[in-house]
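In terms of our numbering, the sequence shown is residues 1231 to 1521. Right, one structure below, let's go through it.
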Amino acid sequence: MFQEALDSLVNDVDGKYVDCTFGQGGHSRGILSLLSTKGALASFDLDELAEIEAKKIKNPNFTFHKTNFKNIADHFNDNELDGILIDCGVSSPQIDEPKRGFSFMKDGPLDMRFGEQLQMSCESIVNNYPYEELVRIFKEYGEEIESKRIAREIIAKREQDRIVSTKQLSSLIENVKKIKTKKNPATKVFQALRIEVNQELDNLKICLDNAKRLLKKNGKLVVISFHSLEDRIVKNSFKMEHYLHEKDLPLINEKVQKKEFLVSSVITPDECELASNVRSRSAKMRVVTKL
Ligand SMILES: C[S@@+](CC[C@H](N)C(=O)[O-])C[C@H]1O[C@@H](n2cnc3c(N)ncnc32)[C@H](O)[C@@H]1O
């Protein structure tokens, strides 16, 4: 989907683009390679490693902002951008580094913040949130059906001693869960906590609302999501704006004029990408065009 994302995003090589999630700069470098000397790219990320990587790009038409992508509207005017890319979630180097606390496979501190400027770590949620709030986030953001049992056990354990490491938390979940599946028992709770720590769904909603105004006519928004909660936000965000589904186009061409956005069907990775990149298995891409 890497090439498809770039091809969908860049429709004017002299245009102005934003990559909201620089990560290790794969997409940003790809976009820059397509642009002419008149084109420009601004990339965002909260992560320090991303900033270090971005500094290696010596292209005068490239700028990096170490800030939350929800603030995108502070940097651009309405109808200014030709394309905006959001590649949601966590990057591979973030998962692979035990100190960041994203992985239940490796022992590390319960952190999970995309950037050190974020106030709340996973440790403070696990040790301070009331029972009802823990149940809510495990249910809503993890779709974890044993939320209550896990939250009860967290409360009981933290009364004896603070829960501070990923291994402590993942072992607790493993011991308490009754329903066994092929997935690691901690998968859903870790996803839920990461979403809460980084306020991922709220940030995505705010960014999409801003993107609507910042895009030019014919401007493209490309969103790559990794779970149904994110994809639902993308769909719902454009439903409210009377979006038109791509598959309806040949039937109701005359109605296009009344619509503001065109949303593509979901695009998923092909077999080749799935074979070479296991983490891409849950990826979904949507392309939105401002009409
Ligand atoms: C899946 S990675 C992006 C990978 C990137 N497309 C690449 O080619 O390397 C997601 C990145 O988004 C960043 N991120 C997530 N939420 C963010 C937010 N609200 N503001 C800024 N950056 C964010 C994370 O720190 C992470 O580096």
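Note that CB positions come from ideal geometry on N, CA and C, so glycine has one too.
Label Lys1407 either buried or exposed according to how many other C-beta atoms from any shown protein chain fall within 10 Å of its C-beta, with 16 as the threshold for buried.
Here residue 1407 refers to the residue found at position 177 of the sequence shown. Flag for Lys1407 reads buried.
With a threshold of 8 angstroms, are at least 3 pairs of Cβ atoms found where one atom belongs to the stretch 1410-1419 and the other to the stretch 1349-1359?
Not touching, per the Cβ criterion.
Using the beta-carbon count (16 or more within 10 Å), is Thr1267 buried or exposed?
Here residue 1267 corresponds to residue number 37 of the sequence shown, with the count starting at 1. Classification of Thr1267: exposed, given that the 10 Å Cβ count is below 16.
Give me the DSSP bridge partner(s) of Tyr1361.
The sequence position of residue 1361 within the sequence shown is 131, counting from 1. BP columns for Tyr1361 are empty, so no partner.
Just curious, the beta strand (DSSP E) that Leu1348 is in, first and last residue?
Translated into positions along the sequence shown, residue 1348 becomes position 118. Taken as a continuous stretch (DSSP letters only), Leu1348 belongs to no beta strand (DSSP E), as it is neither H nor E.
Whose C-beta lies closer than 8 angstroms to the C-beta of Ile1302 among residues of the same chain, with five residues either side of it excluded?
Residue mapping note: residue 1302 aligns to position 72 of the sequence shown, counting from 1. Same-chain partners within the cutoff: Val1248, Cys1250, Phe1274, Ile1314, Cys1437, Asn1440, Ala1441 and Leu1444.
Should Pro1499 go down as buried or exposed, given a rule of 16 or more other Cβ atoms within 10 Å for buried?
Residue numbering aside, residue 1499 sits at position 269 when the sequence shown is read from its first letter. With 16 or more other Cβ atoms within 10 Å, it is buried.
Gly1260: which of Met1231, Lys1465, Met1342 and Arg1366 sits nearest, CA to CA?
Against the sequence shown, residue 1260 aligns to sequence position 30. The candidate whose alpha carbon is nearest that of Gly1260 is Met1231.
So, helix, strand or coil for Lys1288, using DSSP?
Stepping through the sequence shown from its first residue, residue 1288 is reached at position 58. Coil.
Do three or more CB pairs link the stretch 1364-1378 to the stretch 1418-1430 at distances below 8 angstroms?
Yes: at least three Cβ pairs fall under 8 angstroms.
Near Val1365, which residues of its chain fall below 7 angstroms by C-beta distance, leaving aside the five closest residues on each side in sequence?
Taking the sequence shown and counting its residues from 1, the one referred to as residue 1365 is at position 135. Once the five neighbours on either side are set aside, the close Cβ partners of Val1365 are Ser1377, Lys1378 and Ala1381.
Which of the three DSSP states, helix, strand or coil, is assigned to Val1452?
Taking the sequence shown and counting its residues from 1, one reaches residue 1452 at position 222. Val1452: strand per DSSP, three-state reduction.
Could you name the residues that DSSP lists as bridge partners for Cys1259?
Start at 1 with the first residue of the sequence shown, and residue 1259 comes out as number 29. The residue asked about is misnamed: residue 1259 is Arg in this sequence, not Cys. The partner list for Arg1259 (beta bridge, DSSP) is empty, contrary to what the question assumes.
Spatial neighbours of Glu1283 within its chain, please: CB distance less than 7 angstroms, with the 5 preceding and 5 following residues excluded, ordered by chain position.
As a first step, residue 1283 is located in the sequence shown; it is residue number 53 there, counting from the start. Correct list, in chain order: Gln1254 and Gly1255.
Looking only at its chain, what residues have a beta carbon closer than 6 angstroms to the beta carbon of Lys1369, apart from the 5 residues adjacent to it on each side?
To locate residue 1369, count along the sequence shown from 1; it is residue 139. Result list for Lys1369: Ser1377, in chain order.
Could you tell me the distance, in whole angstroms, from the CA atom of Gln1233 to the CA atom of Met1515?
Counting from 1 along the sequence shown, the entry for residue 1233 is found at position 3. Counting from 1 along the sequence shown, the entry for residue 1515 is found at position 285. Computed Cα separation, rounded: 12 angstroms.
How close, in whole Å, do the beta carbons of Phe1292 and Leu1262 come, if the pair is a contact with beta carbons under 8 angstroms?
Numbered from 1 along the sequence shown, position 62 holds the residue referred to as residue 1292. Numbered from 1 along the sequence shown, position 32 holds the residue referred to as residue 1262. That pair is a contact at about 6 angstroms.
Can you name the residues that DSSP bridges to Ile1385?
Along the sequence shown, one-based indexing puts residue 1385 at 155. In the DSSP output, where bridge partners are listed per residue, Ile1385 has none listed.
Which one of Pro1290, Glu1327, Asp1461 and Lys1336 has the shortest CA to CA distance from Lys1397?
By 1-based counting over the sequence shown, the position of residue 1397 is 167. Minimum Cα distance to Lys1397 is reached at Lys1336.
Are the CB atoms of Val1452 and Phe1491 within a distance shorter than 8 angstroms?
Taking the sequence shown and counting its residues from 1, one reaches residue 1491 at position 261. Taking the sequence shown and counting its residues from 1, one reaches residue 1452 at position 222. No.
Which two residues bound the contiguous beta strand (DSSP E) that contains Leu1271?
Counting from 1 along the sequence shown, the entry for residue 1271 is found at position 41. Per DSSP, Leu1271 belongs to the beta strand (DSSP E) from Ala1270 to Phe1274.
Any idea if Asn1241 is buried or exposed, counting beta-carbon neighbours within 10 angstroms, 16 or more meaning buried?
Counted from its first residue, the sequence shown places residue 1241 at position 11. Classification of Asn1241: exposed, given that the 10 Å Cβ count is below 16.
Does DSSP put Ile1409 in a helix, in a strand, or in coil?
Counting from one through the sequence shown, the residue named residue 1409 turns up at place 179. Coil at Ile1409, not helix or strand.
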